[in-house]
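Sequential numbering of the sequence shown, starting at 183, is according to the working numbering.
C-beta atoms are modelled at their ideal positions from N, C-alpha and C, and glycine is treated no differently.
One structure below.
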Amino acid sequence: GDDGSADPALRAALEAFHAGEGDQVAVATAYRTARLLIPLIAEKGDEGVGPTGLVVDKTQELSIVTVAAPDGRRVLPVFTSVATMRAWDAAARP
Numbered sequence: 183g184d185d186g187s188a189d190p191a192l193r194a195a196l197e198a199f200h201a202g203e204g205d206q207v208a209v210a211t212a213y214r215t216a217r218l219l220i221p222l223i224a225e226k227g228d229e230g231v232g233p234t235g236l237v238v239d240k241t242q243e244l245s246i247v248t249v250a251a252p253d254g255r256r257v258l259p260v261f262t263s264v265a266t267m268r269a270w271d272a273a274a275r276p
């Protein structure tokens, strides 16, 4: 099963690249077979009144997140593991 950890080959390629020991080709090759996670954020939907008279959430919506790239374009963030995604936003779900 998938435990949410980063793909070992992709992690090694990224670490080597960041250390100046790897290259872009190795990273791109590792991405070809790795699983990536797209973060989803839960947002409140409709509210209602429960049987006890308290306000309750009737629905929740899951939204895909986009962020601004350095050049201003909207881009979709992806993560190699649940841990890195949660470090970015603790409320994010894969």
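CB of residue i within 8 Å of CB of residue j, strictly
i, j, result
"E225", "V237", "no"
"V260", "L219", "yes"
"I223", "A274", "yes"
"A208", "A198", "yes"
Inter-residue spacing [alpha-carbon to alpha-carbon] between residue i and residue j
i, j, result
"R217", "G186", "9 Å"
"P221", "V249", "11 Å"
"A138", "A194", "In the structure as shown, the chain starts at 183 and stops at 276, and residue 138 therefore has no counterpart that could be examined."
"W270", "Q242", "21 Å"
Residue interval of the beta strand (DSSP E) (run including residue i)
i, result
"A224", "222–226"
Expected contact under 8 Å - CB spacing of residue i and residue j to nearest Å
i, j, result
"T262", "D205", "Not a contact, Cβ separation roughly 18 Å."
According to DSSP, residues forming a beta bridge with residue i
i, result
"G230", "V238"
Delimiting residues of the alpha helix (DSSP H) encompassing residue i
i, result
"V207", "206–213"
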